[in-house]
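These protein sequences, in sequence, are chains A and B. Quick note: the first sequence uses numbering that gives the first Met the number 0, first residue 0, plus one each step. Quick note: the second sequence uses numbering that gives the first Met the number 0, first residue 0, plus one each step. Backbone N, C-alpha and C define an ideal beta-carbon position, used for all residues, glycine too.
2 protein chains.
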Amino acid sequence: MSLVPQGAGRAHSVQVPVPRALARASSLLVPALLAAIDRLDPSLQGPVRHHLAGGGKHVRAGLVLVGAAAVGGRDEEAVPGAVAVELVHNYSLLHDDIIDRDRERRHLPAVWAQFGEGVAIVAGDALSALATKVLLDTPTSRSVEAARRLADANFQMISGQSADMAFEARTQVSVEECLAMERAKTGALLSAACAIGAVLGGADGRAADALGTYGEHLGIAFQAVDDLLGVWGDPSTTGKPVGADLLARKKALPVAVAFERGGEAAEELAAILSHAPEAGDVARATLLMERAGVRDAVAAIADEHLHEALEALERVHLEAKPKEELVEIARYVTARDR
Amino acid sequence: MSLVPQGAGRAHSVQVPVPRALARASSLLVPALLAAIDRLDPSLQGPVRHHLAGGGKHVRAGLVLVGAAAVGGRDEEAVPGAVAVELVHNYSLLHDDIIDRDRERRHLPAVWAQFGEGVAIVAGDALSALATKVLLDTPTSRSVEAARRLADANFQMISGQSADMAFEARTQVSVEECLAMERAKTGALLSAACAIGAVLGGADGRAADALGTYGEHLGIAFQAVDDLLGVWGDPSTTGKPVGADLLARKKALPVAVAFERGGEAAEELAAILSHAPEAGDVARATLLMERAGVRDAVAAIADEHLHEALEALERVHLEAKPKEELVEIARYVTARDR
Chain A
0 MSLVPQGAGR
10 AHSVQVPVPR
20 ALARASSLLV
30 PALLAAIDRL
40 DPSLQGPVRH
50 HLAGGGKHVR
60 AGLVLVGAAA
70 VGGRDEEAVP
80 GAVAVELVHN
90 YSLLHDDIID
100 RDRERRHLPA
110 VWAQFGEGVA
120 IVAGDALSAL
130 ATKVLLDTPT
140 SRSVEAARRL
150 ADANFQMISG
160 QSADMAFEAR
170 TQVSVEECLA
180 MERAKTGALL
190 SAACAIGAVL
200 GGADGRAADA
210 LGTYGEHLGI
220 AFQAVDDLLG
230 VWGDPSTTGK
240 PVGADLLARK
250 KALPVAVAFE
260 RGGEAAEELA
270 AILSHAPEAG
280 DVARATLLME
290 RAGVRDAVAA
300 IADEHLHEAL
310 EALERVHLEA
320 KPKEELVEIA
330 RYVTARDR
Chain B
0 MSLVPQGAGR
10 AHSVQVPVPR
20 ALARASSLLV
30 PALLAAIDRL
40 DPSLQGPVRH
50 HLAGGGKHVR
60 AGLVLVGAAA
70 VGGRDEEAVP
80 GAVAVELVHN
90 YSLLHDDIID
100 RDRERRHLPA
110 VWAQFGEGVA
120 IVAGDALSAL
130 ATKVLLDTPT
140 SRSVEAARRL
150 ADANFQMISG
160 QSADMAFEAR
170 TQVSVEECLA
180 MERAKTGALL
190 SAACAIGAVL
200 GGADGRAADA
210 LGTYGEHLGI
220 AFQAVDDLLG
230 VWGDPSTTGK
240 PVGADLLARK
250 KALPVAVAFE
260 RGGEAAEELA
270 AILSHAPEAG
280 DVARATLLME
290 RAGVRDAVAA
300 IADEHLHEAL
310 EALERVHLEA
320 KPKEELVEIA
330 RYVTARDR
């Protein structure tokens, strides 16, 4: 899922300004990403370029590049990692949109909706394979370690995606299960982005792991905020209908927290989610959760993981300016007014 | 696509006996493959086990193991490669069945038909990521080279699959384009299987490349035979309807050869394929191609590539017994009476 959907020419009222480090990352990433895309079969280049035309803030590429800088690495060492991580992220978007039947991505038609499901499946597969190729075509000990971490994150991301889908059919999901799912689905790739940047920048395992811990908690915090917005977000900024997650019967954090709190609210919520909910049900469920303090509880989970992310940055020596940028990025991607 | 679909308890009249080397490969592969599957998220294990329950002859695993033996390597060195290659092959089957809307695989319901498209997409993604993990979890110079070759083959395979899909919408495809597509779609992974076996078995680059050349031509020869059976195959052994490829307007070798020969047959064939063909059209097209000598021409292409595959085995020193097994496997997978 896009961290901060960027409209093609559409105005947004994001309060927290886009960190400079991300704008810089985009300017380094995009030419390299497009060069990688040129290696695709001609039949896939159109659909993939269409997909990328929607933009995106390239948070993961930013984490790779700033991660490398934080351990004293140079941009050119980290760019292949940024490309590889963005390729994995974008393959997951291509496939997720098919699975979720989302017809729009970044205010453009999703690839499956525009070019057909088969093309979207194969385009995703191609980006996934290309990500590994980018790191292994001329293997060095650093790029191999980056490829190993990326394969691991890809695998965890898919496990999390599958768990998320399996939750939809279940009546109960614990907060612990939900957090484990979100750690895998979102945290693993953000963690790998930071660690890969550090590895390519020449860090030792300890610094790479500390940056990975920052990324993992940042991913969970981001996902918790995303879950909040999935229930209480403003459709004009999220680009999704009111209560989108409840309509899809997703067992994201708000529902898991409500269940764990128990009582009448949990019972009524369970009844609402036991069948395909309608708009009225969604409004009622949202009110129940608000009254039960679920909104504040999920916000507290987000804050807790943001705090843990920032704490991880204190455990190793990092260059001052990139470290500041990592803090800025963390505040940006966990902002609640997007 | 499965080289030789094996029914769950269903009798087949394959004339060429299954080479012993393949049976032996299966006995080494299956426990290791199931152990790898245990690492999947619980939500994916059922669907993937269902998919694998259909069997298969494990030709690719056989090529990895015999490839290793041919350069003096040991089975235990090659098993991770066999697992990784079979994982990539099976992820492609999971996704291909969705794309082609094939509801059956190895006489069992396809995963997408049984568990839903989303599950089949994600299960394929998980197997693809797991394949890389199997080779990179404890990287050695050999396993890294194997992972590099596998990523490359995966990428080529997807490019070929995409080209194949793009051909369906085109009116003309040259034999050269068709062969390039089949080299990528089928030849690349068979080539990688052989080369990865050689690499893991300790071969130098030259021996690995020679075995890779054997696998590539074997893949094209196999695909040419598959194309023949797609038009002239017996539905009771292929498990597909008569003229399945023509019904799907696939521009496989027979159609490309017919176009290249030109004349009235090509014109009529083009007219038939310009709209969605029905059973009567298929019968007519088949007859036209038979009369124009297309069947023999495609068989000659298969023979030529089988010959080139076997010749590649003469270019480097290989152990006698595995070399014989590679010849036997080549004859087996290009047999026309399956």
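My assumption, with CB atoms under 8 Å, is that Ala-180 of chain A sits in contact with Gly-159 of chain A. Please give the rounded CB distance. Start at 1 with the first residue of the first sequence, and residue 180 of chain A comes out as number 181. Start at 1 with the first residue of the first sequence, and residue 159 of chain A comes out as number 160. Per the sequence shown, residue 180 of chain A should be read as Met rather than Ala. Beta-carbon to beta-carbon, Met-180 of chain A and Gly-159 of chain A are separated by about 5 Å, close enough to satisfy the 8 Å threshold.
From what residue to what residue does the alpha helix (DSSP H) around Gly-232 of chain B run? Counting from 1 along the second sequence, the entry for residue 232 of chain B is found at position 233. In the DSSP annotation of this structure, Gly-232 of chain B is not part of any alpha helix (DSSP H), being labelled neither H nor E.
Where Gln-160 of chain B meets chain A, residues with beta-carbon distance less than 7 Å: Against the second sequence, residue 160 of chain B aligns to sequence position 161. Near Gln-160 of chain B (Cβ distances below 7 Å), the residues of chain A are Val-121.
Am I right that Leu-199 of chain B and Gly-72 of chain B are in contact with their C-beta atoms under 8 Å? What's the rounded C-beta distance? What you label residue 199 of chain B is simply residue 200 of the second sequence in a count that begins at 1. What you label residue 72 of chain B is simply residue 73 of the second sequence in a count that begins at 1. Cβ-Cβ separation between Leu-199 of chain B and Gly-72 of chain B: approximately 6 Å, consistent with a contact (criterion under 8 Å).
Who does Glu-103 of chain A pair with in a DSSP beta bridge? Here the question's residue 103 of chain A lines up with position 104 in the first sequence. Answer by DSSP bridge pairing, in chain order: A:Pro-108.
Could you name the residues of chain B that Phe-154 of chain A contacts, counting a contact when the two beta carbons are closer than 7 Å? Residue numbering aside, residue 154 of chain A sits at position 155 when the first sequence is read from its first letter. Proximity of chain B to Phe-154 of chain A at the Cβ level (cut-off 7 Å) is accounted for by Ala-125, Ala-128, Leu-129 and Lys-132, in chain order.
Chain A contacts made by the stretch 206-219 of chain B, where a contact means CB separation under 8 Å: Residues of the stretch 206-219 of chain B whose Cβ lies closer than 8 Å to any Cβ of chain A: none.
For a test of the three-state rule: what should DSSP assign to Ser-25 of chain B, helix, strand or coil? For the purposes of this step, residue 25 of chain B is taken as the residue at position 26 of the second sequence. Correct three-state label for Ser-25 of chain B: helix.
Determine whether the Cβ of Arg-290 of chain B lies closer than 9 Å to any Cβ atom of chain A. Reading the second sequence from its first residue, position 291 is the one you call residue 290 of chain B. Chain A, which has no Cβ nearer than 9 Å to the Cβ of Arg-290 of chain B, makes this no.
What's the call for Leu-189 of chain A, buried or exposed, on a 16-neighbour Cβ count within 10 Å? As a working mapping, residue 189 of chain A is identified with position 190 in the first sequence. So Leu-189 of chain A counts as buried.
Between the stretch 38-48 of chain A and the stretch 64-80 of chain A, can you find at least three pairs of beta-carbon atoms closer than 8 Å? Between the stretch 64-80 of chain A and the stretch 38-48 of chain A, the count of Cβ pairs shorter than 8 Å is below three; the stretches do not touch.
Straight-line CA distance for Asp-295 of chain A to Thr-237 of chain A? Position 296 of the first sequence holds residue 295 of chain A. Position 238 of the first sequence holds residue 237 of chain A. Across the structure, Asp-295 of chain A and Thr-237 of chain A are spaced so that their CA atoms are roughly 20 Å apart.
Using only CA atoms, which one of B:Leu-286, B:Ile-195 and B:Ala-291 lies nearest to Val-70 of chain B? Residue 70 of chain B sits at position 71 when you count from the first residue of the second sequence. That would be B:Ile-195, whose Cα lies nearest to the Cα of Val-70 of chain B.
Could you please tell me which residues of the stretch 82-100 of chain A, in chain order, have their CB closer than 7 Å to any CB of chain B? Within the stretch 82-100 of chain A, the residues whose Cβ lies closer than 7 Å to some Cβ of chain B are His-94, Ile-97 and Ile-98, listed in chain order.
Just verifying my parser: in three-state terms, what is the DSSP assignment at Lys-239 of chain A? Position 240 of the first sequence, counted from the start, is the residue given in the question as residue 239 of chain A. Lys-239 of chain A falls in the coil class under three-state DSSP.
Under a CB-based cut-off of 9 Å, is Ala-19 of chain B close to chain A? Counting from one through the second sequence, the residue named residue 19 of chain B turns up at place 20. Here residue 19 of chain B turns out to be Arg, not Ala, going by the sequence shown. With 9 Å as the cut-off, Arg-19 of chain B does not count as an interface residue toward chain A.
Contact set between Ala-340 of chain A and chain B, taken where Cβ atoms lie within less than 9 Å: The displayed coordinates of chain A run from 0 to 337. Any statement about residue 340 of chain A would go beyond what the structure contains.
Sorted by chain position, which residues of the same chain lie with C-beta nearer than 8 Å to Leu-135 of chain B's C-beta, five sequence neighbours on each side aside? In the second sequence, residue 135 of chain B corresponds to position 136, counting from 1. Excluding sequence positions up to five before and after Leu-135 of chain B, its CB lies within less than 8 Å of the CB of Ser-142, Val-143 and Ala-146, all in the same chain and listed in chain order.
For a test of the three-state rule: what should DSSP assign to Val-293 of chain B, helix, strand or coil? As a position in the second sequence, residue 293 of chain B is number 294, starting the count at 1. The answer is helix: DSSP assigns Val-293 of chain B an H, G or I state.
CA-to-CA distance, Phe-221 of chain B to Ala-311 of chain B, given in whole angstroms: Locating residue 311 of chain B in the second sequence gives position 312, where the first residue counts as 1. Locating residue 221 of chain B in the second sequence gives position 222, where the first residue counts as 1. Rounded to the nearest angstrom, the two C-alpha atoms are 16 Å apart.
Chain A beta carbons: is any one of them nearer than 9 Å to that of Asp-353 of chain B? Any question about residue 353 of chain B goes unanswered here, given that chain B covers just 0 to 337.
Any C-beta of chain A sitting closer than 9 Å to the C-beta of Leu-135 of chain B? Residue 135 of chain B sits at position 136 when you count from the first residue of the second sequence. True, the Cβ-Cβ gap to chain A drops below 9 Å.
Given a cut-off of 9 Å, decide if Ala-298 of chain A and Arg-260 of chain A are closer than it, judged by their beta-carbon atoms. Along the first sequence, one-based indexing puts residue 260 of chain A at 261. Along the first sequence, one-based indexing puts residue 298 of chain A at 299. Not a contact, by the Cβ cut-off of 9 Å.
Under 9 Å, Cβ to Cβ, is there at least one residue of chain D near Leu-39 of chain B? The chain inventory of the structure shown lacks chain D, comprising the protein chains A and B.
Give the residues of chain A in contact with Leu-43 of chain B, contact being defined as C-beta atoms less than 7 Å apart. For the purposes of this step, residue 43 of chain B is identified with residue 44 of the second sequence, where counting begins at 1. Those within 7 Å of Leu-43 of chain B in chain A are Ser-161.
Alpha carbon to alpha carbon, what distance is there between Ser-173 of chain B and Ala-255 of chain B? On the second sequence, residue 255 of chain B is found 256 positions in, with the first residue counted as 1. On the second sequence, residue 173 of chain B is found 174 positions in, with the first residue counted as 1. C-alpha separation (whole angstroms): 5 Å.
Tell me whether Gly-117 of chain B is buried or exposed, calling it buried when 16 or more other Cβ atoms sit within 10 Å of its Cβ. For this step, residue 117 of chain B is matched to residue 118 along the second sequence. The residue is buried, with at least 16 neighbouring Cβ atoms inside 10 Å.
Please classify Glu-75 of chain B as buried or exposed, where buried requires at least 16 other C-beta atoms within 10 Å of its C-beta. Counting from one through the second sequence, the residue named residue 75 of chain B turns up at place 76. Burial state of Glu-75 of chain B is exposed, judged by a 10 Å Cβ sphere holding fewer than 16 other Cβ atoms.
Enumerate, from N- to C-terminal direction, the unbroken alpha helix (DSSP H) stretches of 4 or more residues contained entirely within the stretch 141-188 of chain A. Annotation: the stretch 141-188 of chain A contains the following complete segments of the alpha helix (DSSP H) (minimum length 4 residues), in chain order: 174-181.
Can you list, in chain order, the residues of its chain with a C-beta nearer than 8 Å to that of Ala-10 of chain A? Leave out the 5 residues immediately preceding and following it. Walking along the first sequence from the start, residue 10 of chain A turns up at place 11. Legend: pLDDT at Ala-10 of chain A = 39, less than 50; position of this residue unreliable, value from coordinates given subsequently. Apart from sequence neighbours up to five positions away, no residue of its chain approaches Ala-10 of chain A with a beta-carbon distance below 8 Å.
For Asp-203 of chain A, count the other beta carbons within 10 Å of its own beta carbon; 16 or more makes it buried, fewer makes it exposed. Which is it? Position 204 of the first sequence holds residue 203 of chain A. Its Cβ having fewer than 16 others within 10 Å, Asp-203 of chain A is exposed.
Excluding the five sequence neighbours on either side, which residues of its own chain have a C-beta within less than 6 Å of the C-beta of Phe-114 of chain B, listed in chain order? Position 115 of the second sequence, counted from the start, is the residue given in the question as residue 114 of chain B. Excluding its 5 nearest sequence neighbours in each direction, Phe-114 of chain B has C-beta neighbours in its own chain below 6 Å: Pro-46, listed in chain order.
Reduced DSSP category for Gly-115 of chain A - H, G, I as helix; E, B as strand; rest coil: In the first sequence, residue 115 of chain A corresponds to position 116, counting from 1. Coil at Gly-115 of chain A, not helix or strand.
Taking the alpha helix (DSSP H) that His-50 of chain A belongs to, which residues open and close that run? As a position in the first sequence, residue 50 of chain A is number 51, starting the count at 1. It spans 41-52 - the alpha helix (DSSP H) in which His-50 of chain A sits, taken as one unbroken run.
Quick check on DSSP: helix, strand or coil for Glu-208 of chain B? Your numbering for residue 208 of chain B matches position 209 in the second sequence. Note that residue 208 of chain B corresponds to Asp in the displayed sequence, not to Glu. Judged by DSSP in its simplified three-state form, Asp-208 of chain B adopts helix.
Where does Lys-250 of chain A sit, in a helix, a strand or coil, going by DSSP? In the first sequence, counting from the first residue as 1, residue 250 of chain A sits at position 251. Under the three-state reduction of DSSP output, Lys-250 of chain A falls in the coil class, being neither helix nor strand.
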